[in-house]
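First the structure, in the form of structure tokens, and then the observations on it.
Residue numbers (our numbering): 420 to 636.
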């Protein structure tokens with residue numbers, strides 16, 4: 420027998436002195452009310468999920484059209500970042516490509532908050548950064564902390580981004596065939612701003628633009 424999915428909890432509170440001695444009938448009534456409204460809540464949640472997924476699919480399709488509309492991605496990067504921000508609100512968005520020695524990345528496209536030493540076209544060593552972890556594992560990384568020092572302890576090479584006020588990030592690999600060519604990065608000034616769903620979307624975006632970025636290079 421399949422276990423029923425718990426979608427929410429009904430909580431009742433009272434300031435009255437007799438609350439601890441409520442009769443069993445009151446508890447049964449609360450259970451009946453919870454059973455009555457559970458279906459409506461589940462349907463509302465499903466409706467919101469369907470709406471959210473429809474918005475995500477439309478935005479991803481729009482990203483594809485934007486990237487395919489120009490030979491030079493720099494011409495459409497502003498439009499691209501606007502759509503990405505509708506999906507995953509961020510304060511900085513960048514595409515960083517590996518150099519030939521694979522010990523540094525070069526920011527090919529950047530939008531948003533400036534980070535000293537991480538500007539457009541500059542080469543940045545990957546040691547001590549989240550990019551290093553991504554290249555080793557070939558999977559994305561989410562980072563965020565309430566304490567700036569906690570963030571720096573994990574990724575010493577990201578100290579400049581902390582100094583710029585950025586407290587969270589997503590870094591996902593970009594690949595052409597089976598070869599990683601760089602990373603797609605999102606950063607936010609909010610601590611712990613990103614969730615696993617955001618990283619899934621970032622991975623889909625990276626997969627969608629990787630071919631165009633590789634061709635542009």
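Each residue gets a CB set at the ideal place from its N, CA and C atoms; glycine is no exception.
**Request:** Using DSSP bridges, identify the partner residues of residue 526.
**Result:** 515
**Prompt:** Where does residue 424 fall in DSSP's three states?
**Reply:** Because residue 424 sits at a pLDDT of 49, beneath the cut-off of 50, its placement in the model cannot be relied upon, and the point is left open.
**Request:** Specify, as a first and last residue, the run of the alpha helix (DSSP H) that residue 628 falls within.
**Result:** 615-635
**Request:** Pull up the CB-CB distance for residue 550 and residue 602, whole angstroms please, since I reckon it's below 8 Å.
**Result:** 5 Å
**Request:** Starting from residue 602, follow the beta strand (DSSP E) in both directions and report where the run begins and ends.
**Result:** 598-607
**residue 492, DSSP secondary structure in three states** = helix
**Message:** I need the DSSP call for residue 478, collapsed to helix, strand or coil.
**Reply:** helix
**Request:** Report yes if the CB atom of residue 511 is closer than 8 Å to the CB atom of residue 531, and no otherwise.
**Result:** yes
**Item:** Burial state of residue 582 (16 or more Cβ within 10 Å)
**Value:** exposed
**Residues of its chain near residue 424, where Cβ-Cβ distance is below 6 Å and the 5 sequence neighbours each way are ignored** = Because residue 424 carries a pLDDT of 49, less than 50, the predicted location of this residue cannot be relied on, and the following value inherits that uncertainty. If we look at residue 424 and ignore the five residues flanking it on each side, it has no Cβ neighbours.
**Prompt:** From residue 600 to residue 626, what distance separates their C-alpha atoms?
**Reply:** 11 Å
**Prompt:** For residue 544, which beta-bridge partners are listed by DSSP?
**Reply:** 523
**Own chain, CB closer than 8 Å to residue 498, minus 5 neighbours either side, in chain order** = 485
**Message:** Here's the rule: buried if 16 or more other CB atoms are within 10 angstroms of the residue's CB, otherwise exposed. What is residue 451?
**Reply:** exposed
**Prompt:** Along the chain, where does the beta strand (DSSP E) that runs through residue 394 open and close?
**Reply:** Since the first and last residues shown for the chain are 420 and 636, residue 394 lies out of range.
**Message:** To the nearest angstrom, how far is the alpha carbon of residue 577 from that of residue 477?
**Reply:** 33 Å
**Prompt:** Is DSSP giving residue 538 helix, strand or coil here?
**Reply:** coil
**Inter-stretch contact (C-beta, 8 Å, three-pair minimum) for the region 554-566 and the region 537-544** = no
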